[in-house]
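Okay, so here's the structure we're looking at.
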Amino acid sequence: MNSAAGTSPHPQTVAQPVSRRRGITERYRLFLYALPFLVLVFVFSYMPLYGWIYSLYNYRPGFKLSDTPFVGLQWFRSIFANPTQTQEVLRVMKNTVAMSALGILTSVLPVAFAILLSEIRSMRFKKTVQILTTLPNFISWVLVYAIAFMMFNVDNGLINKLMIELGFQDRGFNYLANDSHTWLAMILWATWKGLGWGAIMYIAAITGIDQEQYDAAKVDGAGRFRQMWNITVPGIMPTYFVLLLLSIANFINNGMEQYFVFQNPINKDHIEVLDLYVYNTGMLGTNFSFATAVSMLKSIISIALLFFANRLSKWVRGESII
Amino acid sequence: MVQMKKKKALTASVAVLLAASLAACSGGNNNNASPTAAPSGSASSGASASASGSSAPQRDAYKIDVFSMLSNFSGEQQGWFAKVVKDKFNLDLNIISSNLEGGGDVKFSAMMSAGNLGDLVVFGDDGQKYQDAIKAGMLLDWTQDGLLDKYGQNLIKYAPKAIEKNKVNFGGGSKVYGVGFDVGEGDGPSEGKDMTYNPNLRYDLYVKAGSPKIVKMEDYLPVLKKMQELEPKSDSGRPTYAFSMWQDWDGNMMMNTKAWAGLNGFDEGDGFNPGGFTLISADKNEVQGVLDEDGFYMRGLKLYFDANQMGLVDPDSMTQKFDDVVNKMTDGQLLFTWFPWLNTYNTPERLAAGKGFALVPFEEERTFSYGNNPYGGNRIWAIGAKAKHPERVLEFLDWMYSPEGTMVANYGPEGLAWKLEGGKPTLTEFGQQALPSNPTAVPDEFGGGTWKDGMNQINNTTFKLTTINPETGDPYDYTLWTSTLAQTPNKLEESWRAAMGGATSAKDYLQKNDMIAVNKQIFTGTAPEVISDELSQKQGQVSQVIKQYSWKMVFAKNEAEFDKLKKEMISKAKGLGYDDVYNWNKSQNEKVFEYRAK
Amino acid sequence: MKIRSSTGDKVFHTFNYLFFAIFTLLCLFPFYYLFINTISSNDLSSRGLVMWYPKEIHFNNYLQVLKLKGLSQAAIVSVGRTVIGTLATVAGSAFLGYIFTKRKMWARTFWYRFIMITMYFNAGIIPWYVIMLKLHMTNNFMAYILPMIVSPFYVILVKTFVESLPEVLQESAEMDGAGTMTLFFRIILPLIMPIAATIAIFSAVTQWNSFIDTVFLMTDQKYYTLQFVLYKYLNESNSLAAIIRSSGGAANVDLSKMQTATSIRTTVSMIVVIPILFVYPFFQRFFVKGIMIGAVKG
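Chains as they are written, first to last, in this note's numbering: chain A, 1 to 322; chain B, 1001 to 1598; chain C, 2001 to 2298.
This is the structure we're talking about:
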């Protein structure tokens, strides 16, 4: 709270440079442009972090912090309370890492989608595809599951009916209660839902490529694939790398809505990612301090990964993104 | 340059704005309560409470926030119930549902942090949250300024023991912070025509199969198999099953399996403590662990496993949601249900054709009944400490604890769905169409909209509906009114009654044959003990294992796999601390047994 | 410039068109399926008998949802927060992203990281709520706008995009004596239109779809948004399950009382998606053609 009060003198300094611009160096002038935004970030993103202190207490909302018992690192330690639980956490982490890794591997798909779409000549077709492929993004996972159940259920599912009619199966099969390719299935669903939407950014990036480059290449007699490879791909690479690094840092946060609706006792061993596990065991609802401890750990891991990825980028590409 | 100046002016003003709000922020530090009072404009609560006389005929419109942990509706109460409350109390009910808004306890935590739980508060149980709210001063003490004596005459008259229980258990013997739900007097079972758990079969098929005798619960399987052979397809041509289950309602264990314990007189929770890994007998001092080899839970799992081997279990059980099961029931894909309330198959047309579900008990059955509880159940009605006019909130709550209020809150004002004939309630034509909760259009003078949308959405009861309304001599529950019972039975009912020795309802039959285990309610003088965070963490993890393995066992390929999974479940659950939670549950249950003896 | 297409080109195009046609159908069908179920007989739909085409068409579901109390006010709030919020987000991220490309800025890397890492923080909803409360952001329309102005992700997008532009442009303008602001409005803004449009779409959809802030911050119905009013319906079956689980499971539930019909819930999700589909083509024109940097220069 004190450091927040410290920012209050700034408004006057912001107003001054208008008249006395020459007196202040370019460096600070640029900083002052950014300052109001930095203050916003501080207020809305950093100030709530005071809540991290709850992880050291046995805190209950509604009480003063001083009235609740201090427990030190107990909540952090309780994540690895005993061997069986450690095993559970390891299993969950394995899923988390696997799903994130697959997510990163499939992150090239929107790029390919955007490049291929840019090759479509018919404007109307292109526009229609662009709009309609974003549709799944707007359907909530609850409804996506309803659709999945409609397609894959045993009695009446489209797929089962088809397979039986074609003679591949002699009886209905519960595709959803099946643990053989859980990770892959989840990635496929996520790809279907997010591909069109994710490609928007790359479509924009392609639009930003200087048209002159293509014209020049055509004069040089470069074919379609050559143009794609030599102009389009390098043109959207910066955007791709930024997003890639961001997703590496997001390794541990896979969210849970998708996994929550698709989970069942059979695929649970492989579908339970960290967020879902914490939710399933009911720890978030009842235990405020524990929930804080978990989200704190996640934040720290993410930021560590971010800087690690940044190093990697510096080493591989010679430039950092942050 | 002009543009630059503008931009700078803008940025400067943003910064000033932020600085100002920061100042406001640090100002609020020394007083937790002050910032919350400001937005709702209820700063003047103390002064106005005494000023507004509730006896004044025309009172100011007053919108109260009803924070309910049991409601599945959020927003302003609509329709006929809104009109009743408006006309009588000039109140508007703004319902906040913790489950719809944020889910879990997040909304509760936020409101606790803000220091205001709304005006009328409904707690899902009397555990941690209720006790915390009292400790943190979020709830109003009804004895303050003699509020309860002045505005709570019905509560004092009709729920004295429930008030006393709250005073002793939660208010240190002098203060009253809330009152429990489902207050009821009398020994026998507390349910209406049907019990909560009833083995219901497609009765027409059961008769066609020759009405075989059923002694123990496993005997249902061959009968159901025969029924399935008699009717292999539903109305729309889909396969029929005995058991179609769903997993989204599973709490500490597999809910559909626990139902078998319920049919044998055991249930999770003893009526005083919240549930865990023990199954408690309703009327004997017996406790079973969920994982007990010879317990009803394990027996239920074996039953489903056998049923699955016979092709009686819906293969979609693990992946479908509750909604899908209801749709299957409506379509006629099911032959069995544990719960009478799941029965959407019995439409008037089918009943007239003699088709439908009805109770087919097994001889060993001892159905769990929750029993009448004069002390009130563990779902709590309370009033927020920051309520602007607490007396008007209490007055409203008090009305719901009156015979008149109970009738109106459940079945609407007299003259709409019911009327009095010779002092006895009778359903009107509208009532026959609309009840229990159909989207029948309500006339404008009663508030318009549909019956269903206009129903009381707070979703907590006051009196147990099966208790006798002192003003009419009939129970509150419309299915038990003399006039309703006198209605001519439909074709299915007729044949069922004839076969069951003239019993008029499922409860009637079970009661006459001593097949109900009634849970005895107790008065402890202490609040239920709250589970420690450590144990609750263990409980969360162990229940995951139990649920997962239970389902896997049901769908195991063969006996060997079933046994292997069972062993795995037990060792994994124990590794995560099953015994600790079980022992704690058991010790709490045993305390209850001591009180039962008193 | 048109070159006669080779066989390879033809094959490529055929496959390309085919791929997009199939994928588009895959994306469209579920949506179509949900839609025909909302206009078909509710009874048939609940029994899963509506699959390929609508049966016994009616629009009662839509009429019923549109009759909900407070819906028009909520729609106004939603449009308001979407339009104002999007403008603020686009302006904020474009400007800040541009400033961060300036290597001369004091402690640039530090401040850039200062903003970036907030993407990975999660203080939890309660501390956030308490801060918002203290800032008087409850029952305040500004709560929809102010926190959204700086969005690290969009700032990064702009920064990356600007950095990929030829530096010559800015340098030559600076030679001519243009200041930071002039440069931003004259040169940068027109060039970053495609990424600005992307951000606009993303942030408009985010604004349109968010409800968590309304859940916690708004108690006055004046500030309810469309998504808030409607999302509660989507959440009903989960919420019902949660109520039952927390009360020991299998309590005597009056089912029909607790839940709105599935058909209504599906209708609700149609109603929030359809406006997006109408607005989307407006943004599309920013993507369609590559920008001629030469043209801007000249």
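The beta-carbon is built from N, C-alpha and C at its ideal position, and this holds for glycine as well.
Residue j beta carbon less than 7 Å from that of residue i
| i | j | result |
| --- | --- | --- |
| Lys1387 (chain B) | Phe1170 (chain B) | What sits at residue 1387 (chain B) in the sequence shown is Ala, not Lys. No, they are not a contact pair. |
| Glu257 (chain A) | Trp141 (chain A) | yes |
| Phe1296 (chain B) | Trp1260 (chain B) | yes |
| Asp1270 (chain B) | Asn1589 (chain B) | yes |
| Lys1552 (chain B) | Pro265 (chain A) | yes |
| Gly1192 (chain B) | Ala1517 (chain B) | no |
| Tyr2144 (chain C) | Arg2081 (chain C) | yes |
| Ser118 (chain A) | Ile206 (chain A) | yes |
| Met1147 (chain B) | Leu1394 (chain B) | Checking the sequence shown, residue 1147 (chain B) turns out to be Leu, not Met. A contact, by the Cβ cut-off of 7 Å. |
| Val1106 (chain B) | Ile2125 (chain C) | yes |
| Asp1398 (chain B) | Asn1154 (chain B) | yes |
| Val1554 (chain B) | Asn1252 (chain B) | no |
| Tyr2231 (chain C) | Ala2074 (chain C) | no |
| Ser1113 (chain B) | Ser1097 (chain B) | no |
| Arg27 (chain A) | Lys2104 (chain C) | yes |
| Ile252 (chain A) | Ile2117 (chain C) | no |
| Ala2178 (chain C) | Val2090 (chain C) | no |
| Asp1065 (chain B) | Gly1118 (chain B) | yes |
| Ala1417 (chain B) | Thr1406 (chain B) | no |
| Tyr175 (chain A) | Val261 (chain A) | no |
The ligand SAM heavy atom lying under 6 Å from the CB of residue i
| i | result |
| --- | --- |
| Leu1221 (chain B) | Only the bare structure without any ligand can be found here, which leaves the ligand SAM out of the picture. |
For residue i, the residue or residues it bridges with in DSSP
| i | result |
| --- | --- |
| Trp1418 (chain B) | B:Leu1427 |
| Gly1178 (chain B) | B:Ala1382 |
| Ala1097 (chain B) | A small correction: the amino acid at residue 1097 (chain B) is Ser; Ala does not occupy that position in the sequence shown. B:Ser1068. |
| Phe1336 (chain B) | B:Leu1201 |
| Pro1475 (chain B) | B:Ile1468 |
| Gly1289 (chain B) | B:Thr1278 |
| Phe1357 (chain B) | B:Arg1202 |
| Val1313 (chain B) | B:Phe1243 |
| Asp1267 (chain B) | B:Ile1280 |
Q) Residues in the stretch 174-185 of chain A with C-beta within 9 Å of chain B's C-beta atoms, listed in sequence order? A) So the close ones are Asn174, Tyr175, Leu176, Ala177.
Q: Determine contact between the stretch 1568-1583 of chain B and the stretch 77-91 of chain A, defined as no fewer than three beta-carbon pairs at a distance below 8 Å.
A: Flag = yes, the stretch 1568-1583 of chain B and the stretch 77-91 of chain A touch.
Q. Along the stretch 2106-2137 of chain C, what residues have a CB closer than 7 Å to any CB found in chain B?
A. Under the 7 Å Cβ criterion, the stretch 2106-2137 of chain C contributes Ile2125, Ile2126, Tyr2129, Val2130, Leu2133, Lys2134, Leu2135, His2136.
Q | Members of the stretch 48-65 of chain A that neighbour chain B once the beta carbon cut-off is set at 9 Å | A | Close to chain B, meaning a Cβ-Cβ distance shorter than 9 Å, are the following residues of the stretch 48-65 of chain A: Asn58, Arg60, Pro61, Gly62, Phe63, Lys64.
Q | Residues in the stretch 222-241 of chain A having any Cβ partner in chain C nearer than 7 Å | A | Flagged, chain order: Arg224, Pro238, Thr239.
Q) Are the stretch 1345-1358 of chain B and the stretch 1369-1377 of chain B touching, with three or more C-beta to C-beta distances below 8 Å? A) Short answer: they don't touch.
Q. Does the count of Cβ pairs from the stretch 1076-1092 of chain B and the stretch 1443-1459 of chain B closer than 8 Å reach three?
A. By the Cβ rule, the stretch 1076-1092 of chain B counts as touching the stretch 1443-1459 of chain B, because three or more pairs are nearer than 8 Å.
Q. Does the stretch 1325-1334 of chain B touch the stretch 1163-1181 of chain B, meaning 3 or more C-beta pairs lie closer than 8 Å?
A. Taking 8 Å as the limit for Cβ pairs, the verdict is that the stretch 1325-1334 of chain B does not touch the stretch 1163-1181 of chain B.
Q. What residues from the stretch 1570-1598 of chain B come within 8 Å of chain A, judged by C-beta to C-beta, listed N to C?
A. Listed in chain order, the positions of the stretch 1570-1598 of chain B with a beta carbon within less than 8 Å of a beta carbon of chain A are Lys1572, Gly1575, Leu1576, Gly1577.
Q.
Along the stretch 2184-2195 of chain C, where does the CB come closer than 7 Å to a CB of chain A? Name the residues.
A. Flagged, chain order: Pro2194, Ile2195.
Q: Could you name the residues of the stretch 2230-2244 of chain C whose beta carbon sits closer than 7 Å to any beta carbon of chain B, in the order they occur along the chain?
A: Contact annotation: in the stretch 2230-2244 of chain C, residues whose CB is within less than 7 Å of a CB in chain B are Lys2232, Asn2235, Glu2236, Ser2237, Ser2239, Leu2240, Ala2241, Ala2242, Ile2243, Ile2244.
Q.
Threshold first: 4 residues or longer. Then list the alpha helix (DSSP H) segments lying entirely within the stretch 1096-1167 of chain B, N to C.
A. Assignment of alpha helix (DSSP H) within the stretch 1096-1167 of chain B, counting only whole runs of 4 or more residues, yields 1106-1114, 1128-1135, 1147-1151, 1153-1158 in chain order.
Q.
Against chain C, which members of the stretch 1073-1090 of chain B pass a CB distance test of less than 9 Å?
A. Here the close residues are Phe1073, Ser1074, Gly1075, Glu1076, Gln1078.
Q. Closer than 7 Å, Cβ to any Cβ of chain A: which residues of the stretch 1310-1322 of chain B, in chain order?
A. Here the close residues are Pro1315, Asp1316, Met1318, Thr1319, Gln1320.
Q.
Short of 8 Å Cβ to Cβ, which residues in the stretch 2037-2052 of chain C face chain B?
A. Listed in sequence order: Ser2046, Arg2047, Gly2048, Leu2049.
Q. Got a sec: which bits of the stretch 2056-2069 of chain C sit with their beta carbon under 9 Å from any beta carbon on chain A, in order along the chain?
A. If the cut-off is 9 Å between Cβ atoms, the stretch 2056-2069 of chain C has nothing near chain A.
Q. If you measure beta-carbon to beta-carbon, which residues of the stretch 2137-2150 of chain C are closer than 7 Å to chain A?
A. Closer than 7 Å at the C-beta level to chain A, one finds these residues of the stretch 2137-2150 of chain C: Leu2146, Pro2147, Ile2149, Val2150.
Q.
Residues of the stretch 156-172 of chain A in Cβ contact with chain C at a cutoff of 9 Å, in chain order, please.
A. Listed in sequence order: Asn156, Leu158.
Q: Starting from the N-terminal side, write out each stretch of the alpha helix (DSSP H) that is 4 residues or longer and does not extend beyond the stretch 252-290 of chain A.
A: For the stretch 252-290 of chain A, whole alpha helix (DSSP H) runs of length 4 or above, ordered along the chain, are 257-262, 268-271, 274-280, 283-286.
(Q) Assess contact between the stretch 2059-2066 of chain C and the stretch 2194-2210 of chain C, defined as three or more Cβ pairs (one per stretch) separated by less than 8 Å. Is contact present? (A) The answer is no - the stretch 2194-2210 of chain C does not touch the stretch 2059-2066 of chain C, with fewer than three Cβ pairs under 8 Å.
Q: Would you list, in sequence order, the uninterrupted beta strand (DSSP E) runs of no fewer than 3 residues that lie entirely inside the stretch 2163-2202 of chain C?
A: You should have found no qualifying run.
Q. Name the residues in the stretch 1166-1190 of chain B whose C-beta lies less than 9 Å from a C-beta of chain A; which are they?
A. Here the close residues number zero.
Q.
Could you tell me which whole alpha helix (DSSP H) segments of length 4 or greater appear in the stretch 1489-1535 of chain B?
A. The qualifying runs are 1491-1499, 1506-1512.
Q: Could you list the residues in the stretch 253-271 of chain A with a C-beta less than 7 Å from some C-beta on chain C, going in chain order?
A: Result list empty, no residue passes.
Q. At a Cβ cut of 8 Å, what residues of the stretch 2213-2232 of chain C count as close to chain B, listed as they run along the chain?
A. Those residues of the stretch 2213-2232 of chain C that come within reach of chain B (Cβ to Cβ, closer than 8 Å) are Val2215, Phe2216, Thr2219, Gln2221, Val2229, Lys2232.
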